[in-house]
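Chemist: Before anything else, here's the structure in question.
Protein chains: 2
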Amino acid sequence: MGELSSKLEDYLEAILVVQQEKKVARVKDLAEILMVRPPTVNSAIKKLERLGLVEHQNYGYISLTPKGEEIARCVYERHKTLLDFLVRVLGVDPKKALAQACGMEHSINEFTRKKIQALSEFFACKPEILKLWHQFCDERKKENNSGGGGKS
Amino acid sequence: MGELSSKLEDYLEAILVVQQEKKVARVKDLAEILMVRPPTVNSAIKKLERLGLVEHQNYGYISLTPKGEEIARCVYERHKTLLDFLVRVLGVDPKKALAQACGMEHSINEFTRKKIQALSEFFACKPEILKLWHQFCDERKKENNSGGGGKS
DNA sequence: TTATTTTTTTAGCCTAATCTAAAAATATTC
DNA sequence: GAATATTTTTAGATTAGGCTAAAAAAATAA
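Right, dumping it as C-alpha cells:
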C-alpha cells in the first residue's frame, strides 16, 4: 500500500511512451527502452498487474489500467517539464538532460512540477528577461575564467 | 568500478553532516538521520570502507577519507543548491522541499548544479525580476481558480 | 503444413539494501 | 570495580530488481 517504486514508475511511463509511438506495447519494446532483459520486464509487469496498474495476458500486449495510466501520465508530465527546464532554461545539453530528468522525475511533487513549468514559461514569455539571465551566466563564466589562469 | 549508488552517497553525505554538527560521526547518528537501523549502517560502512571512502575501526568513530569527503561534499553541494532553489525561487514549503532535494541530489551533474545555483542568485540579485516572477505565478493561480468553479 | 526464427515465459541465481534477534564491546552509574 | 545500560556488531532472513539459460508459445518463411 506504500508508494510505487521509481523502477515501477519507469515501467508505467515506458508503456505509455511505447503506446504513443507504436499503438501497443510488448515486452520486447519495454526491455529495449528501459535497457533491461525481457525476463526483468516480465516480472515487473506481473507486479504491476497485481497492483491493478496494467493488464496483460500471457504472450499478449501490455496495456495500462485507468489507474496505471493516471500514474504514467503524472510521471511523464514530470519528465517533460524537467527536460524542458533543463534544456531551455538552464542550457543543459539535451542528451545529458535526458538522463538527469529521468533521475529527478521520481522525486518532485505536483506543486513543484507546476512551478518549474511556470518558470520555463516565464522565461519563454519574457525574452528580455531571458536575455538578462543569459548575460548573467556569461558574466559569471568570465569571472571564473579570469581569476586563476595558469598553474600557480 | 561503476558509479556509487545513491544510497551509499547518502551515507557519505550523512557522515559529513554529522561531523559538522557533532565533531564525530557514530553508527547511531547515521542510523537516526538516515532513518535506518544500526546494522544497516554497519554494512553500508563496511562497503564504503572496502571502496576506500571511509575509515572505521570496530566500535569506533567513522570518518571520511579524502576521496570520500570529496564525494560527500559534491552530494552536499547539490543538496544545498536544490533546496535553496526549491524554497527561495519556487516557493516550495521547506519540509516538502527537503524530501524532494534528497531525491534529486543524486541525479544532477555539476554543470546543472552550477546553473541552478546561478538561477537562484540571479533572482536574489534582481528583486524587480523576482517580483515579476511572483506576479506571473499569481496571475496563473487566478486563471486556474476562475475557469471551472463548481461541479459542471 | 512443416521448419525456422522470434518472442515470451519459467526457473533459478545474484546483489543491494533493508530488517530482527542476539551476542559482544563499550560506557555509565551506583 | 561491579552492575547496568547503551551501542555496535554478527548472524541470518527478506524484498526488489536485475541476470542467464532453457522451455514454451507465437510468428514467419519455405
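Keeping their order, the protein sequence lines are chains A and B. Count along the first sequence starting at 1, add 965, and that's the number in the working numbering. Count along the second sequence starting at 1, add 965, and that's the number in the working numbering. Ideal placement from N, C-alpha and C gives every residue a C-beta, glycine not left out. Here the structure is a predicted model, which means the values were calculated and not measured.
Going by beta carbon distance, what residues of the same chain come within less than 7 Å of B/A1037, once the five residues before and after it are set aside?
Modeler: Numbered from 1 along the second sequence, position 72 holds the residue referred to as residue 1037 of chain B. Excluding positions up to five away in sequence, the list reads L977, E978, I980, L981 and L1029.
Chemist: Say whether chain A places a C-beta atom closer than 7 Å to the C-beta of B/G1068.
Modeler: Indexing the second sequence from 1 puts residue 1068 of chain B at position 103. B/G1068 counts as touching chain A.
Chemist: Can you check DSSP and say which residues form a bridge with A/L1029?
Modeler: Here residue 1029 of chain A refers to the residue found at position 64 of the first sequence. Its beta-bridge partners are A/V1019.
Chemist: Can you tell which of B/E986, B/R1043 and B/K1012 has the C-alpha that lies nearest to the C-alpha of B/N1074?
Modeler: Translated into the one-based positions of the second sequence, residue 1074 of chain B becomes position 109. Among B/E986, B/R1043 and B/K1012, the Cα nearest to that of B/N1074 belongs to B/R1043.
Chemist: Determine whether the Cβ of A/V1019 lies closer than 7 Å to any Cβ atom of chain B.
Modeler: In the first sequence, the residue the question calls residue 1019 of chain A occupies position 54. Closer than 7 Å: no.
Chemist: For chain B, check one thing: does any of its Cβ atoms lie closer than 7 Å to the Cβ of A/A1083?
Modeler: Reading the first sequence from its first residue, position 118 is the one you call residue 1083 of chain A. Closer than 7 Å to some Cβ of chain B, the Cβ of A/A1083 qualifies, so yes.
Chemist: To be precise: take each residue of the stretch 1036-1056 of chain B, compare its Cβ to all Cβ atoms of chain A, and keep it if any distance is under 8 Å. Which residues remain?
Modeler: Residues passing the 8 Å Cβ filter: L1051, V1054, L1055 and G1056.
Chemist: A/H1071 lies in the alpha helix (DSSP H); which residues open and close that run?
Modeler: For the purposes of this step, residue 1071 of chain A is identified with residue 106 of the first sequence, where counting begins at 1. No alpha helix (DSSP H) contains A/H1071, which DSSP labels as neither H nor E.
Chemist: Assess contact between the stretch 983-994 of chain A and the stretch 1014-1034 of chain A, defined as three or more Cβ pairs (one per stretch) separated by less than 8 Å. Is contact present?
Modeler: Cβ pair count under 8 Å is three or more, so yes.
Chemist: Using alpha carbons as the reference points, say which of A/K1079, A/K1012, A/L1051 and A/M1000 lies closest to A/S970.
Modeler: Here residue 970 of chain A corresponds to residue number 5 of the first sequence, with the count starting at 1. For the residues A/K1079, A/K1012, A/L1051 and A/M1000, the minimum Cα distance to A/S970 belongs to A/K1012.
Chemist: Tell me, which residues are paired with B/A990 by DSSP?
Modeler: Translated into positions along the second sequence, residue 990 of chain B becomes position 25. BP columns for B/A990 point to B/I1027.
Chemist: In whole angstroms, give me the CA-to-CA distance for A/G1017 and A/K1032.
Modeler: What you label residue 1017 of chain A is simply residue 52 of the first sequence in a count that begins at 1. What you label residue 1032 of chain A is simply residue 67 of the first sequence in a count that begins at 1. Looking at the two C-alpha atoms, the distance is approximately 8 Å.
Chemist: Can you tell me whether A/S1008 is buried or exposed, with buried defined as 16 or more other CB within 10 angstroms of its CB?
Modeler: On the first sequence, residue 1008 of chain A is found 43 positions in, with the first residue counted as 1. It counts as exposed.
Chemist: Can we say the stretch 1065-1073 of chain B touches the stretch 1100-1107 of chain B, given the rule of at least three CB pairs closer than 8 Å?
Modeler: The stretch 1065-1073 of chain B vs the stretch 1100-1107 of chain B: no contact.
Chemist: Please report the distance separating the alpha-carbon of B/A1064 from that of B/S1111.
Modeler: Working through the second sequence from its first residue, we reach residue 1064 of chain B at position 99. Working through the second sequence from its first residue, we reach residue 1111 of chain B at position 146. Each residue's alpha carbon lies about 32 Å from the other.
Chemist: Going by beta carbon distance, what residues of the same chain come within less than 6 Å of B/I998, once the five residues before and after it are set aside?
Modeler: Counting from one through the second sequence, the residue named residue 998 of chain B turns up at place 33. Only A979 meet the Cβ criterion.
Chemist: Identify the contact partners of B/N1074 in chain A, using a Cβ-Cβ distance below 9 Å as the criterion.
Modeler: The count along the second sequence starts at 1 and reaches residue 1074 of chain B at position 109. Near B/N1074 (Cβ distances below 9 Å), the residues of chain A are V1057, K1061, A1064 and Q1065.
Chemist: Using only CA atoms, which one of B/F1087, B/C1090 and B/K1079 lies nearest to A/N1109?
Modeler: Along the first sequence, read from residue 1 onward, the residue named residue 1109 of chain A stands at position 144. Comparing Cα-Cα distances from A/N1109 to each of B/F1087, B/C1090 and B/K1079, the minimum goes to B/K1079.
Chemist: Against A/H1071, what residues of chain B qualify as contacts under a CB-to-CB distance less than 7 Å, listed in chain order?
Modeler: In the first sequence, counting from the first residue as 1, residue 1071 of chain A sits at position 106. Near A/H1071 (Cβ distances below 7 Å), the residues of chain B are G1068.
Chemist: Using CA atoms only, rank isn't needed, just tell me which of A/Q985, A/E1093 and A/I1094 is closest to A/E1034.
Modeler: Here residue 1034 of chain A corresponds to residue number 69 of the first sequence, with the count starting at 1. Taking only the C-alpha atoms, the option nearest A/E1034 is A/Q985.
Chemist: Which same chain residues end up closer than 8 Å to B/F1050 when comparing Cβ atoms and leaving out the 5 residues on each side of it in sequence?
Modeler: On the second sequence, position 85 is the one that residue 1050 of chain B refers to. Counting only Cβ-Cβ distances below 8 Å, and skipping sequence neighbours, we find I1081, Q1082, L1084 and S1085.
Chemist: Buried or exposed: where does A/E974 fall if 16 or more other Cβ atoms within 10 Å of its Cβ makes it buried?
Modeler: If you number the first sequence from 1, residue 974 of chain A lands on position 9. Buried.
Chemist: According to DSSP, simplified to helix, strand and coil, what is B/S1111?
Modeler: By 1-based counting over the second sequence, the position of residue 1111 of chain B is 146. B/S1111 falls in the coil class under three-state DSSP.
Chemist: Cβ of B/T1005 less than 7 Å from any chain A Cβ?
Modeler: Walking along the second sequence from the start, residue 1005 of chain B turns up at place 40. By this cut-off, B/T1005 is not an interface position.
Chemist: Check the Cβ-Cβ distances between A/T1030 and every residue of chain B, and say whether any is below 7 Å.
Modeler: Start at 1 with the first residue of the first sequence, and residue 1030 of chain A comes out as number 65. Answer no: the Cβ-Cβ gap between A/T1030 and chain B never drops below 7 Å.
Chemist: Measuring only between beta-carbons, confirm whether A/R1015 sits less than 7 Å from chain B.
Modeler: Numbered from 1 along the first sequence, position 50 holds the residue referred to as residue 1015 of chain A. So, not an interface residue.
Chemist: Name, please, each residue of chain A whose Cβ falls closer than 9 Å to the Cβ of B/R1105.
Modeler: Position 140 of the second sequence, counting from 1, holds the residue named residue 1105 of chain B. Within chain A, the residues near B/R1105 are K1079, A1083 and E1086.
Chemist: Along chain B, in chain order, which residues have C-beta atoms closer than 8 Å to that of A/I1094?
Modeler: By one-based count along the first sequence, residue 1094 of chain A stands at place 129. Per Cβ cutoff of 8 Å: I1094 and L1097.
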